[in-house]
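Q:
Protein chains: 2
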Amino acid sequence: MRIIVDAMSGDNAPVEIIKGAVAARAEYGVDITLVGDTEIINKVMAENTLSDDGIKIVNSESVITMEDNPICVVKSKKNSSMAIAFSLLRDGEGDAVVSAGNTGAILTGASLILKKIKGIKRAAIGAIIPLDKPMLLLDSGANTDNQPEYLQQFAIMGYIYMRNIFGIKDPKVALINNGSETTKGTEAYVLANELLRNTEGINFIGNIEGRDVPSGVCDVIVADGFTGNIILKLCEGFGSYMSRTLKNIFKQNIMTKIGALMVMRNIKALKKQLDHTEYGGAPLLGVSAPVIKAHGSSNAKAIKNAVHQASVFAETGITQEIIKTMEKNKKQTAEAAE
Amino acid sequence: MRIIVDAMSGDNAPVEIIKGAVAARAEYGVDITLVGDTEIINKVMAENTLSDDGIKIVNSESVITMEDNPICVVKSKKNSSMAIAFSLLRDGEGDAVVSAGNTGAILTGASLILKKIKGIKRAAIGAIIPLDKPMLLLDSGANTDNQPEYLQQFAIMGYIYMRNIFGIKDPKVALINNGSETTKGTEAYVLANELLRNTEGINFIGNIEGRDVPSGVCDVIVADGFTGNIILKLCEGFGSYMSRTLKNIFKQNIMTKIGALMVMRNIKALKKQLDHTEYGGAPLLGVSAPVIKAHGSSNAKAIKNAVHQASVFAETGITQEIIKTMEKNKKQTAEAAE
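Residue numbers (this note's numbering), protein chains in the order written: chain A, 7 to 344; chain B, 7 to 344.
Below, the structure written as structure tokens:
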């Protein structure tokens with residue numbers, strides 16, 4: 007198992023990325039290919055006395071920034087760390103890619119260098135929402151287009167992902183909506199609900215409303231990328247709101263500070279639970295090989311977890327299962343049409 | 007000032023509705039018209055020894071349930087408490103309506119009995135999100151249609167509402183989106199952003215993302231009804247999640263219970279802040295007279311606050327200001343076209 011890590015992208019690149027990748031090697035035994043400026047990487051390794059055991063370095067000549075137009079990944083910045091990482095994965099030089107870079111560029115690079123899975127209309131970014139239990143929200147922002155068939159494909163891919171990654175036997179799949187009735191929502195959502203009810207092999211439990219999200223009523227939340235992105239960021243915002251509010255409650259006076267000591271252990275457990283870095287990153291689903299998009303602000307721990315997540319993503323054969331499911335569905339649709 | 011209260015609609019009707027209306031009379035001195043089954047209302051008043059000072063009762067013969075098709079308000083249930091309340095308001099027999107009934111029926115009844123304001127394409131339900139400070143989210147679920155011009159009108163109405171109700175000098179208006187850049191979002195949102203940037207007399211601060219909602223960066227959040235409804239209910243869900251989580255933290259053992267005592271006062275203040283019943287209800291904006299939709303689960307306190315909110319809504323002349331603004335905008339558009 008070899009994970010290809012884009013060492014140059016992200017707010018804390020390259021130091022935190024390299025540290026995280028080396029830590030993943032030590033903890034999980036996966037081989038690592040670091041893609042980036044060889045000189046810089048070697049310097050970081052030396053300065054932080056990091057072991058190069060199981061670490062391969064592949065040189066790149068540029069970096070895609072957050073401001074770059076995503077299409078540069080296959081045009082002016084073909085020699086960037088991100089573009090080279092995808093090319094290595096395409097050429098069989100590794101099993102998965104981890105990048106904390108520009109989301110649009112990851113999506114464009116993965117779709118154009120790795121290609122989408124046959125039959126998949128749109129790739130989706132699946133984000134783990136860490137509340138009482140992990141839930142996969144997809145699409146969480148890959149595209150704002152919104153067709154019933156895309157939503158159906160997100161449901162199929164999310165179901166397969168959660169069964170394999172978290173070992174949930176029969177993950178519950180729900181469609182976010184503005185009401186639980188099947189007639190609720192925009193035209194696309196009404197049609198998507200109907201499609202999902204008639205999709206075999208996913209455990210579709212129907213529409214859920216916004217208030218059901220924090221209750222953990224399902225394992226997979228299906229949304230278009232516009233709505234999904236707003237939900238994901240609202241959840242992140244509430245995480246910060248909650249930390250801020252608890253801090254305000256406890257810092258008031260000596261009594262409340264004593265109170266804080268009494269519950270410190272539980273507060274810490276809650277913070278760990280709400281910490282998205284615990285889950286590493288967001289899988290890109292629908293492309294022909296495993297890609298994990300780590301958060302732009304990832305630190306070493308987040309990268310370590312993202313590398314681990316990428317190795318499980320590759321190991322469990324999720325991509326192959328999606329390919330097979332798409333082939334089976336195509337065959338069934340063709341037979342039904344005859 | 008006379009507020010017409012639909013006494014028969016809502017989960018806790020008629021007892022809590024009547025109690026709340028009578029309490030509002032006592033606290034704010036507004037006259038009240040209770041619409042409902044006279045016999046039942048009189049019985050509730052007697053059983054709870056409620057004062058009938060300033061209270062008028064108008065009889066109705068049926069109730070619209072949550073399961074009823076909204077259109078019944080102008081068809082089979084014209085003699086319902088809700089339909090009669092709207093008719094009284096239309097005929098000048100009061101200054102505003104409060105109802106905790108079926109949202110679809112309130113919307114249909116208000117649009118067809120009271121009529122929409124000239125030039126307004128869609129009425130919107132504005133919901134107060136009670137976090138660090140009150141923010142008005144609209145549309146929070148009146149309709150799932152989604153046109154740039156509707157979003158522009160929601161912005162104008164929301165701005166006028168917040169300036170009058172909360173006395174904010176120049177309310178900040180933001181468009182929810184999946185990114186802060188003007189090019190972000192669906193086609194309708196990209197066009198809406200452009201329209202809003204060119205709308206005079208509203209303090210448009212641009213797009214905001216989901217994570218900005220709990221930070222209170224603005225006073226008015228503009229959204230289509232589908233997205234707005236998901237945001238509103240997600241906020242409600244997080245309120246419950248937070249209460250549940252705090253309870254779990256504090257109930258663990260004797261030490262954490264002592265800790266709870268130390269911060270009880272602050273927790274209570276937080277609960278009050280997050281309590282949507284403090285704000286009474288959601289204004290229906292874009293119809294020709296003030297209507298407040300109280301939460302279906304409203305208790306007496308929520309109804310009391312909703313009645314007060316309705317009286318301020320009527321008193322400040324928000325509806326007249328929206329009418330004037332629409333006339334002015336129409337004139338300007340006509341002049342620009344010449």
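We put the CB at the ideal spot given by N, CA and C, even for glycine. Keep in mind the model is a prediction, meaning the values are calculated, not measured.
In terms of alpha-carbon separation, which member of 244/A, 40/A, 192/A and 176/A lies closest to residue 87/A?
A: 40/A
Q: Can you list the residues of chain B that residue 220/A reaches, using a CB-CB cut of under 8 Å?
A: 240, 243, 244, 246 and 247
Q: From the beta carbon of residue 187/A, is the nearest beta carbon of chain B less than 8 Å away?
A: no
Q: On the CB-based measure, 16 or more other CB atoms within 10 Å of its CB, does residue 339/B come out buried or exposed?
A: exposed
Q: Can you tell me whether residue 57/B is buried or exposed, with buried defined as 16 or more other CB within 10 angstroms of its CB?
A: Classification for residue 57/B: exposed.
Q: Rounded to whole angstroms, what is the Cα-Cα separation between residue 178/B and residue 32/A?
A: Answer to the nearest angstrom: the Cα atoms are 51 Å apart.
Q: How do the segment 233-241 of chain A and the segment 136-147 of chain A stand: do at least 3 beta-carbon pairs fall below 8 Å, yes or no?
A: yes
Q: Answer yes or no: does any C-beta atom of chain B fall closer than 8 Å to that of residue 75/A?
A: no
Q: Is there at least one Cβ from chain B nearer than 8 Å to residue 199/A's Cβ?
A: False, the Cβ-Cβ gap to chain B never drops below 8 Å.
Q: When you compare only the Cα positions, how much space is there between residue 17/A and residue 304/A?
A: 7 Å
Q: So is residue 287/A in contact with chain B if we call contact Cβ pairs under 8 Å?
A: no
Q: If you measure beta-carbon to beta-carbon, which residues of the segment 294-315 of chain A are closer than 7 Å to chain B?
A: none
Q: Go ahead and pull the three-state DSSP assignment for residue 39/A.
A: In the three-state reduction of the DSSP assignment, residue 39/A falls in the strand class, which pools E and B.
Q: Is the separation between the beta-carbon of residue 104/B and that of residue 316/B shorter than 8 Å?
A: yes
Q: Would DSSP call residue 74/B helix, strand or coil?
A: coil
Q: Under 6 Å Cβ to Cβ from residue 19/A, same chain only, skipping five residues before and after it: list those, please.
A: none
Q: With H, G and I counted as helix, E and B as strand and the rest as coil, what does DSSP make of residue 91/A?
A: helix
Q: Please classify residue 54/A as buried or exposed, where buried requires at least 16 neighbouring CB atoms within 10 angstroms.
A: exposed
Q: Give me the chain A residues within the contact set of residue 215/B, using Cβ-Cβ distance strictly less than 7 Å, ordered along the chain.
A: 239
Q: In three-state DSSP terms, what is residue 12/B?
A: strand
Q: When we look at the beta-carbon of residue 276/B and count the other beta-carbons within 10 Å, is it buried (16 or more) or exposed?
A: buried
Q: Under 8 Å, Cβ to Cβ, is there at least one residue of chain A near residue 51/B?
A: no
Q: Which residue marks the beginning of the beta strand (DSSP E) containing residue 213/B, and which one marks its end?
A: 209-214
Q: Measure the beta-carbon distance from residue 215/B to residue 185/B and round it to whole angstroms, keeping in mind my assumption that it falls under 8 Å.
A: 7 Å
Q: Using a beta-carbon distance below 8 Å, is residue 71/B in contact with chain A?
A: no
Q: Tell me whether the beta-carbon of residue 76/A lies closer than 8 Å to the beta-carbon of residue 113/A.
A: yes
Q: What does a CB cutoff of less than 6 Å around residue 63/A pick up in its chain, not counting 5 residues either side in sequence?
A: 40, 44 and 47
Q: Check the Cβ of residue 210/B against every Cβ in chain A and list those closer than 7 Å, keeping chain order.
A: Chain A residues near residue 210/B: none, gap ~19 Å exceeds 7 Å.
Q: Under the criterion of a Cβ to heavy atom distance below 7 Å, does residue 11/A qualify as lining the ligand MN?
A: Only the bare structure without any ligand can be found here, which leaves the ligand MN out of the picture.
Q: Which of the three DSSP states, helix, strand or coil, is assigned to residue 303/A?
A: It is coil, neither helix nor strand.
Q: Who are the Cβ neighbours of residue 151/A in its own chain at under 7 Å, not counting the five residues just before and after it?
A: 128
Q: So residue 95/B and residue 10/B are supposed to be a Cβ contact under 8 Å. How far apart are they, rounded?
A: Yes, they are in contact, since the Cβ atoms of residue 95/B and residue 10/B sit about 6 Å apart, within 8 Å.
Q: Taking 6 Å as the limit between beta carbons, can you name the residues of its chain near residue 230/B, skipping five residues before and five after?
A: 152
Q: At what residue ranges does the segment 159-212 of chain A contain a whole run of the beta strand (DSSP E), taking only runs of 3 or more?
A: 178-182
Q: Where does residue 269/B sit, in a helix, a strand or coil, going by DSSP?
A: Helix, per DSSP.
Q: What do you get for residue 225/A, buried or exposed, if any count of 16 or more other CB atoms within 10 angstroms of its CB means buried?
A: With 16 or more Cβ atoms within 10 Å of its Cβ, residue 225/A is classed as buried.
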